[in-house]
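Participant: Take this structure first; my questions come after.
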């Protein structure tokens with residue numbers, strides 16, 4: 155399968171995106187520890203007492219960033235895999251994958267660093283453009299005889 159250059163490019167960017175999701179999860183855990191804000195009483199008890207079973211605004215920001223990744227990266231992984239099977243141009247496919255990847259990186263940085271609006275929204279929209287493009291191309295590929 156990796157002989158298909160488009161699919162190999164997709165695997166490369168998809169793997170980087172999954173790595174980015176793991177990094178956001180690790181950041182969330184580290185912020186929980188630093189802020190002493192745990193979601194479960196047993197975790198709070200292990201780190202100082204039940205009073206630390208609480209929410210923290212920055213922990214919640216990290217969780218929202220991670221959830222947003224799941225809402226967007228999982229569909230990309232499906233679309234990119236199927237799109238790779240439609241025999242697109244390598245250069246066009248690589249642009250799709252790169253734009254999505256960079257958009258998601260900027261989106262995460264904007265979310266975690268609370269960058270001024272509309273940075274995060276613009277990054278979100280930019281990353282959606284290649285997904286929508288792939289979706290349309292997939293539909294055309296399966297609809298044409």
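In my numbering, the protein residues as written are 155 to 299.
The beta carbon of each residue, even a glycine, is placed where N, CA and C say it ideally should be.
Please read all numbers here as calculations on a predicted model, not as lab measurements.
Look at residue 219 and residue 187 and say whether their C-beta atoms are less than 8 Å apart.
Facilitator: No, these two residues do not count as a Cβ contact at 8 Å.
Participant: Which residues does DSSP pair with residue 207 in a beta bridge?
Facilitator: 192
Participant: Quick check: what's the CA-CA separation for residue 262 versus residue 229?
Facilitator: 17 Å
Participant: Taking the beta carbon of residue 221 as the centre, do at least 16 other beta carbons fall within 10 Å, making it buried, or is it exposed?
Facilitator: Exposed is the call here.
Participant: With DSSP run on the structure shown, which of helix, strand or coil describes residue 201?
Facilitator: coil
Participant: Tell me whether the beta-carbon of residue 198 lies closer than 8 Å to the beta-carbon of residue 206.
Facilitator: yes
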